[in-house]
Amino acid sequence: MIDLHVHSTVSDGTYTPRDIVDLAKEKGLEAVTLTDHESIAGNGEAADEAKKLGVNFINGMEMTVAYQDNKMHIVCLGFDESNSDFKQLYAKIRHNKEKNMDQVVEYIQSKGLDITMDKVKKHAAVHLDRYAIMRTLVAMNLPCKIQTLWDEYLNPGLKEAGVYGDISAEEALPVIRKAGGVTSLAHYHKDIGMKGWSWEKKEESLKELMSFGLDGMERYYPNYSPEDAEFAARMIEKYNMLATGGTDFHGANRRGIELGTGHEGNMNVPYDFYEKILAHIGQK
572 MIDLHVHSTV SDGTYTPRDI VDLAKEKGLE AVTLTDHESI AGNGEAADEA
622 KKLGVNFING MEMTVAYQDN KMHIVCLGFD ESNSDFKQLY AKIRHNKEKN
672 MDQVVEYIQS KGLDITMDKV KKHAAVHLDR YAIMRTLVAM NLPCKIQTLW
722 DEYLNPGLKE AGVYGDISAE EALPVIRKAG GVTSLAHYHK DIGMKGWSWE
772 KKEESLKELM SFGLDGMERY YPNYSPEDAE FAARMIEKYN MLATGGTDFH
822 GANRRGIELG TGHEGNMNVP YDFYEKILAH IGQK
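Structure representation (structure tokens):
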């Protein structure tokens, strides 16, 4: 059993990178990764802990890209963080994620919430970005769900501050390949994905994304319907894509989803997925 889609306190999870690996060891996972949103800051800590505990680990990041006037989440695995092309892309991503955060806070203030940049700084685990703002909002114990905070406060604030756009899939995907990594389309069935598209459009879009550099897609995800899972399996086989799978674990920020096992034990991603990724990136 492995988990190739995991978040820590570096972005919007509640476990530190080290604690993620400790939990993976406790649960008997054979391999784990760290795929924080637009950040590689926790990879070193997680890798060190994995080496100490004898847990297989592969570095990662979940990247948001723009495609057909929509957002897509791409799980990136095994890339060389020192690659010059990757470093240039990463700098661009981080700039986009961190600029004008003061304007975002001002927007949220205008909606009646008692939030300041000083408060946000106290919740910046690594980056002073949108996730630090979200952690601040969560700490305020407002009577609403986390998704409501995104929809009613944070996302509108990001748009107001001019930092809502993302790098295009056509620009971003080839860079991960140049850096020796693999890319996998995450939770294609969600709003951040291809929700509402016809099966034909989804397939045509996958083919185009593959032409940009997409290597695979998530074969397993906690809330896939049987139809979602069947489509993913069929596309992976038809186009010889790499299969990945993960729980999208966020700790207490996504209750009911457990590392490695998903929702009520409905996940068991096979170890050979990890082996095939290693073979693909030449680490086996």
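Sequential numbering from 572 applies to the sequence shown in the working numbering. Using N, Cα and C, we set each Cβ at its ideal position, and we do this for glycine too.
ask   = Where do the ends of the beta strand (DSSP E) carrying M632 lie?
value = Run containing M632: 627 to 638, per the beta strand (DSSP E) assignment.
query = DSSP on H644, reduced to helix/strand/coil?
reply = DSSP, reduced to helix, strand and coil, places H644 within a strand of the structure shown.
task = Could you tell me if R805 is buried or exposed, where buried requires 16 or more neighbouring beta carbons within 10 angstroms of its beta carbon?
result = Looking at its Cβ environment, which holds fewer than 16 other Cβ atoms inside 10 Å, R805 is exposed.
key: N-terminal and C-terminal residue of the alpha helix (DSSP H) that L777 is part of   = Element bounds for L777: 770 to 783.
ask   = How many angstroms separate the CA atom of K622 from the CA atom of Q854?
value = Taken atom to atom, the span from the alpha-carbon of K622 to that of Q854 is near 16 angstroms.
inquiry  = With a threshold of 8 angstroms on Cβ separation, who are the neighbours of L744 within its own chain once the five nearest residues in sequence on each side are excluded?
reply    = Non-local C-beta neighbours of L744 in its own chain, meaning closer than 8 angstroms and more than five positions away in sequence, comprise V636, I645, T754, L780, F783, G784, L785, ordered along the chain.
key: Beta-carbon proximity check, D583 vs R706, cutoff 9 angstroms   = Result yes, Cβ atoms of D583 and R706 sit closer than 9 angstroms.
inquiry  = Given this structure, state the Cα-to-Cα distance separating G816 from H698, to the nearest angstrom.
reply    = Each residue's CA atom was taken as its position, placing G816 and H698 some 27 angstroms apart.
ask   = Should I573 and Y845 be called a contact, given that it needs their Cβ atoms to be closer than 9 angstroms?
value = Remark: C-beta atoms of I573 and Y845 approach each other more closely than 9 angstroms.
ask   = At what residues does the alpha helix (DSSP H) containing L713 begin and finish?
value = Where L713 is concerned, there is no enclosing alpha helix (DSSP H), because DSSP gives it neither an H nor an E.
request  = Would you please state the rounded distance, in angstroms, between the beta carbons of F650 and G787? I believe it to be under 8 angstroms.
outcome  = With 8 angstroms as the limit, F650 and G787 do not qualify as a contact, their Cβ atoms being about 14 angstroms apart.
query = When burial is assigned at 16 or more other CB atoms within 10 Å of the CB, is N630 buried or exposed?
reply = N630 should be labelled buried.
key: Whole runs of the beta strand (DSSP E) within the stretch 651 to 697, excluding any shorter than 3 residues   = With a minimum length of 3 residues, no continuous beta strand (DSSP E) run stays inside the stretch 651 to 697.
inquiry  = Looking only at its chain, what residues have a beta carbon closer than 8 angstroms to the beta carbon of K778, apart from the 5 residues adjacent to it on each side?
reply    = Counting only Cβ-Cβ distances below 8 angstroms, and skipping sequence neighbours, we find Y810.
Segment limits, alpha helix (DSSP H) that includes A803 = For A803, the uninterrupted alpha helix (DSSP H) segment begins and ends at 797 to 809.
Paired residues, beta bridge with E789 - DSSP = Its beta-bridge partners are T815.
query = W768 to E741, Cα distance in whole Å?
reply = If you take the alpha carbons of W768 and E741, they lie about 20 angstroms apart.
message = Rounded to the nearest angstrom, what separates G674 and N641 at their Cα positions?
response = Note that residue 674 is Gln in the sequence shown here, rather than Gly. Roughly 24 angstroms separates the two Cα atoms.
request  = Alpha carbon to alpha carbon, how far is I747 from H851? Give it in angstroms, no decimals.
outcome  = H851 and I747: Cα-Cα distance of roughly 13 angstroms.
inquiry  = Between T587, M812, I828, E771, which has its C-alpha nearest A696's C-alpha?
reply    = For A696, the nearest C-alpha among the options comes from T587.
inquiry  = Measuring only the C-alpha atoms, how far is S579 from R701?
reply    = If you draw a straight line from the Cα of S579 to the Cα of R701, it comes to about 15 angstroms.
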